[in-house]
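Report on one structure; see the data block that follows.
Protein chains in written order, with the numbering used here: chain L, 871 to 1243; chain D, 123 to 328; chain A, 3 to 549.
Dropping the structure here:
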């Protein structure tokens, strides 16, 4: 059996190759590097205006920090399955490490070790064992699926219709006629003696999104042409953060959800206020005039005025919200001004164009919108 | 530099000539079966889409209103008889009856062309009555499914025409027995898909 | 040092002739090499895309890439790695090795083989051509409808994506036809199916998976193209079309697809571990049977990618059950491999190092897979970084480590030279460390609530640390792969000559020269057992006495 260098070896003293051969090989890489850096740098042009950032709200989104039965049950299942998986990992990993250490080839080894072709009893055992484990796991899973199942809405349930848009969330409260808001959902806490489950009906206005607030429940997709149902319930007041969890286009990353759990009477007050028509302070007539006469009304609604657009978020009582642009920025006068000046600088690719407002117009409009308590 | 031009690896076999441990598979037949398996998966998917949307449309342009069962039955007769004729062509060629094989193969092509003609006139009728790919879900799924089937019929006919050309121009045609056999398998498959379409599209839909 | 060009021809003519030889070849070995080179080139490109994403995600509110560019990056990264890295490299290795292992002279249909390669390459070129046509696709590698409908994806980028997958898909199906015909019909005398090397078994099962899983993708892509270009309504929700139909069809392909890329890795491991532990594979029959079982079950689990879409509890439970079930044959194989190591005399050459790495990483990924199979757990973890961590453990830790093992194992056969031992060790360890540093922390990001496919994230959620670890790990992986490329180039130039059988292995390919002659075998060998060369080397204790 001869040993020749393989047919495919690249060998040649430089005399065999044309002088430009080397450059031919390098050229594609140079072009690729140039093209890539062009794309990367060209794309960075979008980022030249330093965007306004939200102060971190430090709201946990850990799947272990649960406050609601569906999330609790899932968390418990995670613990159980992790425990089983860890045992398996230790056993298999341990065996692997043992074999690596114990059965290294030693310098004194001669010939081949005894060849073991198989063993029916052993193979049967390690078929039956995993099958049983899997069966037990499946039973646990089926039980959890049943336990997290959405119960029938009780009389005390709060129903909310969630509509996912690119890239914001619309919330309607059928129990409070007229109540339409965006991105920030308020719900009542359950108190001893009065369970208040929150039932969500999930729909989409365009593509598939996913409603995910980890501390409250697992995620449920929002699919156009279909209404999905989910629920959660908690006794713990506070704010809970979530995000869209199904890629839906350019600004998928900036489609945050804020669920605020209020004490029951606070919730009633919030709901009543949100359902009410907007009272306009005549001091802000300038901004209001701009809003009504420019294209804003084509997309946005302010209930109680002529503005009735449904393409973009409902802006009624805008000033009561903590954030803007689906959680992208804090709701402050300054941020709102930057947004109005050029929404694309904060959320590039979103559907709201720059309206080419002058600085004074921006100030007036921002003042008006911030007055919408 | 290519492998030997005249023979393919399938023909080289072993030098020792000893018996194989088990019955020998033939590469060409394995290949055709594998190809047809993939076609089952392909058409199956289109059929699933058709069934999913069956009954989803409101209005006039539905299978019950638009499709004409007798037309489909004519098409079925054409294809089934063409399967018979190609089977006869294959056996004739295997027997060595060169002329008979040519005749049966030509008849198969004619029957297949007849199928395409009937389909074309059926489509003309449907389109002039307002059903197109973009009209509604029925239009979308119907034209896609029937269209791909008709496309497969067309490719089969092209293969047959090529074989016919070689068959009629050569004196020694023993080497064509296997290709004709394999094409006949393809043709039977296309026929089989049509039967399923008959049941799913033309009969089930009403 | 002898050169290849013994003819002192003018160099330009020489290059043209050599290039012509490669471009027109139908030789399975050359095509195999072309597939592998293609896969490696796209691997580098996909890796750069990953590094760019990691750079952007290194900090909260990163400013490196815009949202649009990032979205293009993850779409291209996923599509490239699955369709233009994993598949070509797998079918390249299979192309090279399978005919040799079964004692055949070539694949059953050499010209179809060449057709498959060029279709695959064309698909890749078309996909990257989208950059020059106004932008790459940004719809994600599984391209959910209706995001991909014309309404939401106006540019031609999505059409490039569709066409590139249609074209390469046809090539892949053709390869499957070729492989199944070759393995069934061209085996050497005496090589019953029960005596096939396990890698060949895996490729046979793989071929069947491709035959039944790729066409549904082809059909779905055709439907999407008809929607986009001719106004059809398959996924047009406004007209009554179903967004979920795309998901069902895609994942009906998509899940078997991951086994299409995993089974060959299993096959490679099943070849390498015995040779480097010096023991026959433990339980050949159950490894083969388990693989067949995996093949079948893989068609019944697809909706575990859809646990969050609101299927009924019954369906959720069924798919959870099937997904848990498929862990059993996989586990059986892991035990078989461990039992092969047990009692062996392990040589820690690079192929074995990567096989051991595979075992550890794949088992870990399989266990997180079991977690995800439990549907309620999936409701938290799907579409988060947890799942990104999981699938990289099984696809990279599994398939890529397997491919690296194959590369180091069969490189001597393909080129007649050895890859450097030292560099191989550096490659392995850096890759192992970098890999775990990259994808391990992703599980933490996921359980802290970080969704996938986001181009930016806000500060204050505790995600920064894990993202930074991930990015550092990715850079280390980049270095490891650079060392690998260096190893390859050095070996080609002046690698140690390998000889026919540098590993003292047992399957038929090692009975040929390195590289093999164009006709592979002077006379087709006759085999009596699963390890023909073991029988030759151990005439006193041949395998066929025990099988």
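Think of the CB as a built atom: it goes at the ideal place given N, C-alpha and C, for glycine as much as any other residue. Here the structure is a predicted model, which means the values were calculated and not measured.
Quiz item: Would residue 405/A pass as a contact of residue 267/A if the rule is Cβ separation under 8 Å?
Solution: yes
Self-check item: Inter-stretch contact at 8 Å, needing at least 3 Cβ pairs: the region 1156 to 1175 of chain L / the region 1189 to 1206 of chain L
Solution: By the Cβ criterion, the region 1156 to 1175 of chain L is not in contact with the region 1189 to 1206 of chain L, since fewer than three pairs of Cβ atoms, one from each stretch, lie closer than 8 Å.
Quiz item: What does residue 416/A touch in chain D if you count any residue whose Cβ is under 9 Å from its own?
Solution: Chain D residues near residue 416/A: none, gap ~17 Å exceeds 9 Å.
Practice problem: Please classify residue 1058/L: does DSSP put it in a helix, a strand, or coil? | Solution: strand
Quiz item: Exposed or buried, what is residue 321/D when buried is set at 16 or more other beta-carbons lying within 10 Å of its beta-carbon?
Solution: exposed
Quiz item: With a CB to CB cut of under 7 Å and the five nearest residues on each side skipped, what residues in its chain are close to residue 566/A?
Solution: Residue 566/A cannot be examined here, being either before or after the span of chain A that is shown, 3 to 549.
Quiz item: So residue 382/A is in the alpha helix (DSSP H); what residue range does that whole segment cover?
Solution: 377 to 383
Quiz item: For residue 201/A, which residues from the same chain have a beta carbon less than 7 Å from its beta carbon, with the 5 sequence-adjacent residues on both sides left out?
Solution: Around residue 201/A: 99, 103, 269, 270, 272 and 273.
Exercise. Please determine if the region 378 to 391 of chain A and the region 444 to 458 of chain A are in contact, where contact requires at least 3 C-beta pairs separated by less than 8 Å.
Key: yes
Quiz item: Is the beta carbon of residue 1054/L less than 8 Å from the beta carbon of residue 1191/L?
Solution: yes
Quiz item: Does the region 319 to 335 of chain A come within contact of the region 990 to 1008 of chain L, defined as at least 3 CB pairs closer than 8 Å?
Solution: Segments in contact, yes.
Quiz item: Measuring CB to CB, does residue 532/A end up less than 8 Å from residue 31/A?
Solution: no
Quiz prompt | Inter-stretch contact at 8 Å, needing at least 3 Cβ pairs: the region 1099 to 1112 of chain L / the region 1057 to 1075 of chain L | solution = yes
Quiz prompt | Range covered by the alpha helix (DSSP H) that runs through residue 1136/L | solution = 1134 to 1145
Quiz item: Can you tell me whether DSSP reads residue 1109/L as helix, strand or coil?
Solution: strand
Practice problem: Decide if residue 1153/L is buried, meaning its Cβ has at least 16 other Cβ atoms within 10 Å, or exposed. | Solution: The residue in question, residue 1153/L, is exposed, as its Cβ has fewer than 16 Cβ neighbours within 10 Å.
Quiz item: Per DSSP, residue 1034/L forms a beta bridge with which residues?
Solution: 1039/L and 1074/L
Exercise. Pull up the distance between the alpha-carbon of residue 107/A and that of residue 204/A, whole angstroms please.
Key: 20 Å
Self-check item: Residue from 443/A, 392/A, 349/A and 225/A whose Cα sits closest to the Cα of residue 165/D
Solution: 225/A
Quiz item: Can you round the beta-carbon distance between residue 1130/L and residue 1056/L to whole angstroms, since I take them to be within the 8 Å contact cut?
Solution: 5 Å
Self-check item: Sequence-distant residues of its chain with Cβ nearer than 7 Å to residue 87/A (five each side left out)
Solution: 41, 44, 45 and 48
Quiz item: Shorter than 8 Å from the beta carbon of residue 213/A to some beta carbon of chain L?
Solution: No, residue 213/A lies away from the interface with chain L (no Cβ there is under 8 Å from its Cβ).
Quiz item: For residue 210/D, which residues from the same chain have a beta carbon less than 8 Å from its beta carbon, with the 5 sequence-adjacent residues on both sides left out?
Solution: Closer than 8 Å at Cβ, skipping near neighbours: 222 and 226.
Practice problem: Determine which residues share a DSSP beta bridge with residue 1175/L and list them. | Solution: BP columns for residue 1175/L point to 1173/L.
Quiz item: Closest Cβ-Cβ distance between residue 1196/L and chain A: below 8 Å?
Solution: no
Quiz item: Taking the alpha-carbon positions, what's the residue 57/A to residue 1134/L distance?
Solution: 45 Å
Practice problem: Compute the beta-carbon to beta-carbon distance between residue 1235/L and residue 1157/L, rounded to the nearest angstrom, for a pair I have assumed lies under 8 Å. | Solution: 5 Å
Quiz item: Interface residues of chain L around residue 377/A at Cβ under 7 Å?
Solution: 1011 and 1015
Practice problem: Determine, using beta carbons only, whether residue 159/A and residue 137/A come nearer to each other than 8 Å. | Solution: Yes, the pair counts as a contact, with Cβ atoms nearer than the cut-off.
Quiz prompt | Simplified DSSP assignment, three categories, for residue 55/A | solution = It is helical.
Quiz item: Which class does residue 916/L belong to by DSSP, given the choice of helix, strand or coil?
Solution: At residue 916/L, the pLDDT of 40 sits below 50, so the modelled position is not reliable and the matter cannot be decided from this model.
Self-check item: Coarse secondary structure for residue 910/L, derived from DSSP in three states
Solution: With a pLDDT of only 48 at residue 910/L, under 50, the local geometry of the prediction cannot be trusted, and the value read off the model is given with reservation. Residue 910/L falls in the helix class under three-state DSSP.
Quiz item: Between residue 240/D and residue 200/D, which are expected to be in contact by the criterion C-beta below 8 Å, what is the C-beta distance as a whole number of angstroms?
Solution: 7 Å
Quiz item: For residue 235/A versus residue 303/A, is the C-beta distance shorter than 8 Å?
Solution: no
Quiz item: Expressed to the nearest angstrom, what Euclidean distance is found between the alpha-carbon atoms of residue 312/D and residue 241/A?
Solution: 31 Å
Quiz item: Comparing the C-beta of residue 1224/L with each C-beta of chain A, is any distance below 8 Å?
Solution: no
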